[in-house]
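2 protein chains.
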Amino acid sequence: MAPEAQGLDRAIAKLRARDIVSEEEEKVFVASVSDVVEIAAGRTIVRAGASLTHSTVLLDGFACRYKDLADGQRQIQEIHVAGDCMDLHGFLLKSLDHHVGALSGVRIALIPHEALREITENHPHLARLLWFATLLDASIQREHVLSVGRRSALARIAHLFCELHLRLQVAGESNGTTYRLPLTQTDIADASGLTAVHVNRMLKKLRDDDLLTFRGGEVVIHDRDRLERAAEFDPAYLHLERRPR
Amino acid sequence: MAPEAQGLDRAIAKLRARDIVSEEEEKVFVASVSDVVEIAAGRTIVRAGASLTHSTVLLDGFACRYKDLADGQRQIQEIHVAGDCMDLHGFLLKSLDHHVGALSGVRIALIPHEALREITENHPHLARLLWFATLLDASIQREHVLSVGRRSALARIAHLFCELHLRLQVAGESNGTTYRLPLTQTDIADASGLTAVHVNRMLKKLRDDDLLTFRGGEVVIHDRDRLERAAEFDPAYLHLERRPR
DNA sequence: CGACTATTTGACGCCAGTCAACACCGGTGG
DNA sequence: CCACCGGTGTTGACTGGCGTCAAATAGTCG
């Protein structure tokens, strides 16, 4: 592995939480990386509609998929954490229907579509694991539809923090009750379909109720049980069981 | 093809709208069907969490994926039309995180996971097409997040009707401006994250504005242009281009 | 015809949006 | 060292879109 590709182990860890990944498959995956680049916070990583030749793996930092409406409203569809294959979807869609943006400074690995195609031809099990990774995105997005469509503002935000906590734990980026999350309240609002002002009010309530504190890009969970109940959080949709796929 | 498997051609048509499907691939796909069953309106087709051995293709009728909250609120995450591979996701997830229900009477084909695995081992291009089909679901669900999170009630409903119109045209189930849609206003509400009462008000407004009429399970579009503008509908996310995948 | 479900409409209430003012903070330059 | 500045966070007053409740009407199936 090129030394700068460190962080790829997080992507492997994410898969290993769901199935066995052989040494050889790990090698094939790591070898498929053609390049590693850094991108500053706030920059666009992939623009909707652009013709794609590479997919990306988020090695470090936070990114998101999002769409805008004509009046300037933005909706974040999924927040990505280290280890996520962000636009593996682009491999077969050929162009993305949404933008991918850097929420913090990020480091990403590029994987040529040609290498992915190769994997589908010669490494069917690894191909199924990559397919699985895209299905996990879909599952996360479905839970997001539920949140935005039916949960109260408070529950939406609580749910988001629960989900990120668990996903970051899988990537090895959280000890028990704390994690870094360098997002603004506006980002949270764009993810949860609310306004920044109302997010602020709900964050205050979460603090006052002693459920969690989000300040200075850091989340501190005070009462995980009550937080999960407030969010009606059930981690089943993250499919955290190791099974043959 | 078993005669009762008619309707599978709609699934093939859906793929052929996006890439070339060879005669042999079609044969392999059709041969993978082990059974065809009918299910009455309102019944559950797959329950969340159940252990799965088959995936399903919707041959006829309308179905949906949905989740419920504890207080009884329901959120439909995607409406499926004839030709959709509904829980191809279950092939690799092994158990679904959501329910699949029949919105009308439906006919579905069952495909054993074993046959799908076989396809990933021996027919990589066909496997990529099936992967693509699941990515299309993800894309539709992302647009759904945008709708529910940011569009007004009127735009949400207008968008839903635009999307279904186009998807039904691909399946050969709509002439120019009309299509069958045997859903109740409550179903529309559950899909769009609104209440049935408010859906009713918005449908009245769509009628009064002469954009479309939805009555008796039939949609009549009066002014497609203005409807699309009201919905801010852009079909790019349906990826209707025939390209090598 | 009667029971049931779906649709329609009106009155009213509330959750979240809007608008606005102010505090905070790190960076920048005089 | 401090004035300034843009981005972010905080709070209050007010508004409005959509939810809630309720009752009447229209279909539908036995």
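Chain order of the listed sequences is A and B.
Each residue of the first sequence is one higher than the one before, counting from 2 in this note's numbering.
Each residue of the second sequence is one higher than the one before, counting from 2 in this note's numbering.
Even glycine gets a Cβ: it sits at the ideal position worked out from N, Cα and C.
Note that the structure is predicted; figures quoted are calculated from it, not measured.
| Within-8 Å CB hit, residue 240 (chain B) to chain A | Within the second sequence, residue 240 (chain B) is the residue found at index 239, counting from 1. Judged by the 8 Å Cβ criterion, residue 240 (chain B) is in contact with chain A.
| Are any of the Cβ atoms in chain B nearer than 8 Å to that of residue 125 (chain A)? | Taking the first sequence and counting its residues from 1, the one referred to as residue 125 (chain A) is at position 124. Chain B contact via Cβ: present.
| said: Between the alpha carbons of residue 60 (chain A) and residue 120 (chain A), how many angstroms are there, rounded? | reply: Locating residue 60 (chain A) in the first sequence gives position 59, counting from the first residue. Locating residue 120 (chain A) in the first sequence gives position 119, counting from the first residue. Each residue's alpha carbon lies about 21 Å from the other.
| request: Starting from residue 181 (chain A), follow its DSSP beta bridges and name the residues at the other end. | output: Indexing the first sequence from 1 puts residue 181 (chain A) at position 180. Its beta-bridge partners are A:219.
| Once you ignore the five residues that flank residue 184 (chain B) on each side, which residues in its own chain have a CB closer than 6 Å to its CB? | Within the second sequence, numbered from 1, the residue matching residue 184 (chain B) stands at position 183. Annotation for residue 184 (chain B): 104 place their beta carbon closer than 6 Å to its own, counting only its chain and skipping 5 residues before and after.
| message | Is it the case that the segment 83–95 of chain B contacts the segment 37–45 of chain B, given that we only count it when at least three CB pairs across the two stretches are under 8 Å? | response | Cβ pair count under 8 Å is below three, so no.
| request: Would you mind sorting residue 1 (chain A) into buried or exposed? The rule is 16 or more other CB atoms within 10 Å of its CB. | output: Residue 1 (chain A) cannot be examined here, being either before or after the span of chain A that is shown, 2 to 246.
| task | For residue 115 (chain B), count neighbouring Cβ atoms within 10 angstroms of its own Cβ and tell me buried if that reaches 16, exposed if not. | result | Locating residue 115 (chain B) in the second sequence gives position 114, where the first residue counts as 1. Flag for residue 115 (chain B) reads exposed.
| From the DSSP output, which residues share a beta bridge with residue 246 (chain B)? | Looking up residue 246 (chain B) in the second sequence gives position 245. The partner list for residue 246 (chain B) (beta bridge, DSSP) is empty, contrary to what the question assumes.
| field | Which of helix, strand or coil DSSP assigns to residue 103 (chain B) | value | In the second sequence, the residue the question calls residue 103 (chain B) occupies position 102. Here residue 103 (chain B) sits in strand by DSSP.
| said: Spatial neighbours of residue 206 (chain A) within its chain, please: C-beta separation below 8 Å, excluding the five flanking residues on both sides. | reply: Against the first sequence, residue 206 (chain A) aligns to sequence position 205. Contacts found: 155.
| query | With 16 as the cutoff for other CB atoms within 10 Å, does residue 28 (chain B) come out buried or exposed? | reply | Translated into positions along the second sequence, residue 28 (chain B) becomes position 27. Looking at its Cβ environment, which holds fewer than 16 other Cβ atoms inside 10 Å, residue 28 (chain B) is exposed.
| Using a C-beta to C-beta distance shorter than 8 Å, which residues of chain B count as neighbours of residue 138 (chain A)? | The sequence position of residue 138 (chain A) within the first sequence is 137, counting from 1. Result: 139.
| task | Using a cut-off of 8 Å between C-beta atoms, extract the partners of residue 244 (chain A) located in chain B. | result | Mapped onto the first sequence, residue 244 (chain A) falls at position 243. Those are 95, listed as they occur along chain B.
| request: Taking residue 110 (chain A) and residue 9 (chain A) to be in contact with their CB atoms under 8 Å, please state how far apart those CB atoms are, rounded to whole angstroms. | output: Here the question's residue 110 (chain A) lines up with position 109 in the first sequence. Here the question's residue 9 (chain A) lines up with position 8 in the first sequence. Yes, they are in contact, since the Cβ atoms of residue 110 (chain A) and residue 9 (chain A) sit about 6 Å apart, within 8 Å.
| request: Grab me the residues of residue 172 (chain A)'s own chain with a C-beta within less than 7 Å of its C-beta, minus the 5 sequence neighbours each way, in chain order. | output: As a position in the first sequence, residue 172 (chain A) is number 171, starting the count at 1. 11, 14, 15, 82, 83 and 84.
| request: With 8 Å as the C-beta to C-beta threshold (strictly closer), list the residues of the segment 64–75 of chain B near chain A in chain order. | output: 66, 68, 70, 71, 74 and 75
| query | Would you call the segment 163–179 of chain B and the segment 123–134 of chain A touching, i.e. three or more CB-CB distances under 8 Å? | reply | no
| request: Whole angstroms is fine: what's the gap from residue 19 (chain A)'s alpha carbon to residue 200 (chain A)'s? | output: Within the first sequence, numbered from 1, the residue matching residue 19 (chain A) stands at position 18. Within the first sequence, numbered from 1, the residue matching residue 200 (chain A) stands at position 199. Each residue's alpha carbon lies about 33 Å from the other.
| request: With a 10 Å radius around its C-beta and 16 neighbouring C-beta atoms as the bar for buried, classify residue 144 (chain B) as buried or exposed. | output: The residue labelled residue 144 (chain B) in the question sits at position 143 within the second sequence. Classification for residue 144 (chain B): buried.
| 7 Å CB neighbourhood of residue 2 (chain B) in its chain, flanking five on each side removed | Against the second sequence, residue 2 (chain B) aligns to sequence position 1. Note that residue 2 (chain B) has pLDDT 47, beneath the 50 cutoff, so the model's placement of it is unreliable and no number is given.
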